[in-house]
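Under the numbering used here, think of the first position of the sequence shown as 134, with each following residue one higher.
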Amino acid sequence: MTNYLDFPDYEMNPLTLAIVAEQDSNGELISKVLEEDMEYVVESTPLSIIEYSCKFFGSSLKGRQEGSRDICGISNKIPIAIDPSSGMYFFPTASPNNSKCSWIAHSHIDKIKKIQKHSTEFIFKNGNRIVLDVSYGSMLNQVQRTAQYRYLLDNRIRILQQQKGEMVAESYS
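Right, here's the structure in full:
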């Protein structure tokens with residue numbers, strides 16, 4: 134079931150599978166938002182939704198991109214953590230400035246399949262599927278780069294939490 138949201142601000146959440154770039158009947162760029170049990174059409178661009186969601190979780194898209202770049206050295210089509218504490222890692226399907234750029238939630242992907250030369254099917258863990266006009270090889274690379282970024286960032290967070298736990302334990306001894 135698709136719901137139409139009259140407001141332009143959609144907050145991404147742990148149930149968000151993808152933000153897909155589409156055009157409405159007037160040729161205006163809009164977003165189809167896929168969640169685990171619902172679909173929405175939002176009258177704003179995927180980039181606007183990503184920027185709004187980054188700010189909602191305390192950063193900017195530019196800040197998230199710079200952090201990703203510093204952690205794993207990726208310089209284009211940079212995966213980002215909207216909110217690492219809730220596992221919200223997304224990657225773009227093209228340059229974020231490209232009007233056809235969609236964003237995919239890494240943690241919800243079950244597998245991806247090559248459909249044609251420049252079409253890729255994303256199969257999500259809940260059985261939902263979408264086909265995008267993007268190169269399979271490029272998307273496979275995006276999935277792998279996002280996995281590497283998640284590992285590196287989650288490892289940093291885990292080390293800091295362990296150090297914090299050790300400092301708390303020392304203060305009680």
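No residue lacks a Cβ here, since even glycine has one placed at the ideal position from N, Cα and C. Computed from a prediction, not measured in an experiment: that's the story for all the values here.
Keeping to the same chain, check which residues put their C-beta closer than 7 Å to that of residue i; ignore five residues upstream and five downstream.
i: residue 248; result: 254, 264
i: residue 150; result: 167, 168, 169, 238, 241, 257, 261
i: residue 279; result: 212, 222, 224, 239
i: residue 290; result: 217
i: residue 198; result: 211, 213
In three-state terms, what does DSSP make of residue i?
i: residue 172; result: strand
i: residue 164; result: strand
i: residue 272; result: helix
i: residue 252; result: strand
i: residue 203; result: helix
i: residue 300; result: helix
i: residue 223; result: strand
i: residue 257; result: strand
i: residue 182; result: helix
i: residue 243; result: strand
i: residue 265; result: strand
i: residue 150; result: strand
i: residue 211; result: coil
i: residue 157; result: coil
i: residue 142; result: coil
Which residue's Cα is closest to the Cα of residue i: the options?
i: residue 221; options: 236, 158, 271, 165; result: 236
i: residue 269; options: 244, 300, 164, 191; result: 244
i: residue 216; options: 208, 301, 181, 283; result: 283
i: residue 272; options: 211, 155, 158; result: 211
i: residue 148; options: 275, 287, 207, 259; result: 259
i: residue 225; options: 298, 189, 266; result: 266
i: residue 227; options: 145, 180, 305, 287; result: 180
i: residue 174; options: 158, 252, 304; result: 158
i: residue 234; options: 165, 305, 206, 277; result: 165
Skipping 5 residues on each side, what residues in its chain have a beta carbon closer than 6 Å to that of residue i?
i: residue 171; result: none
i: residue 219; result: 147
i: residue 131; result: This structure cannot settle anything about residue 131, because the visible part of the chain is limited to 134 through 306.
i: residue 188; result: none
Leaving out the 5 sequence neighbours to the left and right, which residues in its chain are closer than 8 Å to residue i when beta-carbon positions are compared?
i: residue 184; result: 193, 194
i: residue 208; result: 202
i: residue 232; result: 154, 162, 178
i: residue 287; result: 217
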